[in-house]
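Engineer:
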Amino acid sequence: MPDDTVTNATFYHYRLLKKLMFPKALIMSYLTIPFIWLAAEMFFINWTSIFFFLLSIPIALWIQYVISRSILIIVSHSNRKRWNFTLRLPWIGYMPDQYVSYSIFRKVHFHSAWIGCCLIAILIPWSPGSFIFSLFFWYFWLMTPRLFAKFGLRDQPKDGMLKFNEQDLSYYKQ
13 MPDDTVTNAT FYHYRLLKKL MFPKALIMSY LTIPFIWLAA EMFFINWTSI
63 FFFLLSIPIA LWIQYVISRS ILIIVSHSNR KRWNFTLRLP WIGYMPDQYV
113 SYSIFRKVHF HSAWIGCCLI AILIPWSPGS FIFSLFFWYF WLMTPRLFAK
163 FGLRDQPKDG MLKFNEQDLS YYKQ
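Mind the numbering: the sequence shown is residues 13 to 186 in the working numbering, read in order.
Structure (C-alpha cells):
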C-alpha cells in the first residue's frame with residue numbers, strides 16, 4: 013500500500029527564486045502618506061476636502077475590484093476563485109490569496125492601472141477637484157505595492173508563481 017501512494021501521489025517542487033521584503037519602516041511610511049496628503053489637500057484646496065478624501069477610499073477600492081475581477085473573468089475562469097478582497101497591509105484590495113501565476117498577476121494589474129486611471133480621468137469634468145485628486149491619490153496608493161512587486165520582479169522569468177505573505181512577496185519557479 014505505501015508503494016501505491018508514492019507512485020500515484022503528485023508532488024510539486026517549487027524553487028524560490030526571489031523574495032521581496034517589505035520592512036516595517038516601509039509599511040509605516042506607506043501608512044503615513046495618506047495623512048500627509050490629506051493635510052496638504054486641506055491646506056491647498058479647502059478644509060472640506062476631508063469629506064471627498066473619505067468618500068474616495070471605497071470608490072477607489074471598488075474601481076480596482078471591478079476592473080481586476082473583470083480582467084480575471086476575461087483571461088481565465090479558474091483563477092477567479094483564487095482571488096479575494098483583503099485588508100492586509102500592504103496588499104489592500106482584490107489580491108490573490110493562494111499561489112498565482114506571475115503572468116496573470118501582471119495582466120490583471122497592468123490593465124487595472126491604466127483602465128482605472130482612464131475612468132477617473134473621465135470623471136474630471138463633472139467632479140470637484142478635491143474629489144478627483146483624492147480619487148487619484150487613493151488609486152495610486154492602492155496600486156503602489158503592486159507596482160513595487162512588478163518592478164522588483166522585472167528581471168525574472170515570466171512563467172513563475174507568486175505567493176503574497178504579510179511581510180514579503182515570494183517568487184517561485186517549478
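Where a beta carbon is used, it is the ideal one built from N, C-alpha and C, also for glycine.
Could you tell me the alpha carbon to alpha carbon distance between Y114 and D171, rounded to whole angstroms?
Structural biologist: Locating residue 114 in the sequence shown gives position 102, counting from the first residue. Locating residue 171 in the sequence shown gives position 159, counting from the first residue. The alpha-carbon atoms of Y114 and D171 are separated by roughly 6 Å.
Engineer: Are the beta-carbon atoms of L174 and Y77 separated by less than 8 Å?
Structural biologist: On the sequence shown, position 162 is the one that residue 174 refers to. On the sequence shown, position 65 is the one that residue 77 refers to. In this structure, Y77 does not lie closer than 8 Å to L174 by Cβ.
Engineer: Can you tell which of A72, L73, W74, P46 has the C-alpha that lies nearest to the C-alpha of I62?
Structural biologist: Stepping through the sequence shown from its first residue, residue 62 is reached at position 50. Nearest of A72, L73, W74, P46 to I62, Cα basis: P46.
Engineer: What residue range does the alpha helix (DSSP H) around P157 cover?
Structural biologist: The residue you call residue 157 lines up with position 145 of the sequence shown. 141-164 is the extent of the alpha helix (DSSP H) around P157.
Engineer: Span of the beta strand (DSSP E) holding R94?
Structural biologist: Along the sequence shown, one-based indexing puts residue 94 at 82. No beta strand (DSSP E) holds R94; DSSP gives it neither H nor E.
Engineer: Return the Cβ separation of V120 and L84 in integer angstroms, given the expectation that the two are a contact with Cβ distance under 8 Å.
Structural biologist: Counted from its first residue, the sequence shown places residue 120 at position 108. Counted from its first residue, the sequence shown places residue 84 at position 72. With a Cβ gap of about 6 Å, V120 and L84 count as contacting.
Engineer: Looking at the structure shown, is D16 part of a helix, part of a strand, or coil, going by DSSP?
Structural biologist: Position 4 of the sequence shown holds residue 16. The predicted model places D16 with a pLDDT of 49, which falls under 50 and marks its position as unreliable, so this point remains unresolved.
Engineer: Would you mind reading off the limits of the beta strand (DSSP E) that contains L32?
Structural biologist: Taking the first residue of the sequence shown as 1, we reach residue 32 at position 20. Segment 27-33, the beta strand (DSSP E) holding L32.
Engineer: Can you give me the C-alpha to C-alpha distance between Y42 and F160, rounded to a whole angstrom?
Structural biologist: To locate residue 42, count along the sequence shown from 1; it is residue 30. To locate residue 160, count along the sequence shown from 1; it is residue 148. Roughly 12 Å separates the two Cα atoms.
Engineer: Starting from the C-beta of I57, find all residues in its chain whose C-beta is less than 6 Å away, skip the five residues before and the five after it, and write them out in chain order.
Structural biologist: Here residue 57 corresponds to residue number 45 of the sequence shown, with the count starting at 1. Cβ within range, chain order: S142.
Engineer: Can you check the segment 50-123 for any alpha helix (DSSP H) of at least 4 residues that lies completely inside it and give the ranges in chain order?
Structural biologist: Whole alpha helix (DSSP H) segments, 4+ residues: 61-87.
Engineer: Which residues bound the beta strand (DSSP E) around L135?
Structural biologist: Taking the first residue of the sequence shown as position 1, residue 135 is located at position 123. Taken as a continuous stretch (DSSP letters only), L135 belongs to no beta strand (DSSP E), as it is neither H nor E.
Engineer: Tell me whether L165 is buried or exposed, calling it buried when 16 or more other Cβ atoms sit within 10 Å of its Cβ.
Structural biologist: For this step, residue 165 is matched to residue 153 along the sequence shown. Buried: at least 16 other Cβ atoms inside 10 Å.
Engineer: Could you tell me the alpha carbon to alpha carbon distance between S80 and R100, rounded to whole angstroms?
Structural biologist: Position 68 of the sequence shown, counted from the first residue, corresponds to residue 80. Position 88 of the sequence shown, counted from the first residue, corresponds to residue 100. Using only the alpha carbons, I get a separation of about 17 Å.
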